[in-house]
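So the number in this note's numbering is just where the residue sits in the sequence shown, counting from 1, plus 65.
Where a beta carbon is used, it is the ideal one built from N, C-alpha and C, also for glycine.
Quick notes on the structure that follows.
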Amino acid sequence: MLMSDIKILVVDDSSVIRETLESYFAEEGYTVSGADTAEAAEQLLSEQEFDLILLDIRLPGKDGLTLTRELRSRSEVGIILVTGKQDDIDRIIGLECGADEYVCKPFNAREVLARGKNLIRRVRNQRELAKKPIEEPVFRSIGTWQLDTSRRILLKSDRSVSQLTEGEFQLLLALKANEGVALTRDQLMDRIKNRTWNATDRTIDVLIGRIRRKLSEDPHCPQMIITVHGVGYLLSNNPQDDL
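Listed below in structure tokens is the structure:
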């Protein structure tokens with residue numbers, strides 16, 4: 066795979082930041098495009114497939130959070146949010162919307178490149194997996210749902226389907242492998258790091274929230290993924306017995 070075959074999109078209304086990020090990745094041999102609005106980015110996305118998007122949260126017109134949510138609903142493209150240091154709440158919302166990573170302005174070029182390369186590997190691995198023949202499905206029970214490990218989806222008896230992102234799938238698999246046992250955030254990170262998806266302490270809580278929503282859990286009284294205060298999280302052995 067040639068570096069030039071990997072496509073990166075930089076979306077920022079600041080020409081200085083946009084051109085700086087474009088030059089970082091272009092110097093590494095990647096094919097890089099730029100857009101100054103979400104609308105311009107959507108036009109480019111409709112014309113070609115990208116591996117990574119570096120996306121500013123604060124854009125004129127449609128903001129970066131809205132674009133992130135829309136992209137994640139239909140694509141597993143790598144998304145790194147580029148934020149200001151004062152945008153702490155927006156960063157968390159961005160992760161909840163499905164962003165993979167974020168970097169703060171002023172950013173370190175080597176950090177952006179490292180995070181970008183990790184995400185590109187993950188995206189490429191996912192696409193290669195999608196091309197392989199469909200394996201015999203393996204189902205694991207998660208409350209009233211079934212986790213299809215071959216397609217990485219959640220299935221309910223009423224045929225409801227919830228698609229999982231890479232991070233959600235790896236975290237849910239770790240909880241299932243230790244069903245009934247409370248795991249700390251550090252233990253959860255240990256179980257899913259060094260894979261194609263890279264976890265951080267802050268994103269564990271965000272991922273748990275996203276998984277609970279996909280399991281249709283009551284956020285105030287979850288029955289399947291339980292918060293063990295002072296410890297971490299556990300997947301209940303008998304969630305229906307707790308109802």
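Selection from the options that minimises the alpha carbon distance to residue i
i    : options               : result
I71  : D255, L136, R187      : R187
R278 : D255, N243, W210      : W210
A164 : N173, V246, L184      : L184
G94  : M68, V246, V81        : M68
C162 : Q191, L130, Q151, F90 : L130
F115 : E193, S79, R189, I269 : R189
L160 : R134, V293, T214      : R134
Status (buried if at least 16 other CB within 10 Å, exposed otherwise) for residue i
i    : result
V177 : buried
A239 : buried
P287 : buried
E231 : buried
V76  : buried
D155 : buried
E193 : exposed
Cβ distance (whole Å) where residue i is taken to contact residue j below 8 angstroms
i    : j    : result
L120 : L132 : 7 angstroms
I73  : L117 : 5 angstroms
F234 : R217 : 5 angstroms
E87  : V97  : 5 angstroms
K241 : L219 : Wrong, their Cβ atoms sit about 11 angstroms apart, outside the cutoff.
I276 : L237 : 6 angstroms
Chain C within 7 angstroms of residue i, Cβ atoms only
i    : result
D153 : Absence of chain C from the displayed structure is noted, only one protein chain being present.
Counting Cβ pairs, one atom from each stretch, are 3 or more of them under 8 angstroms apart for the segment 92-105 and the segment 140-147? no
Between the segment 292-301 and the segment 217-235, do three or more beta carbon pairs fall short of 8 angstroms? no
Along the chain, which unbroken stretches of the beta strand (DSSP E) at least 3 residues long are found entirely within the segment 179-223? 204-207, 210-213, 218-221
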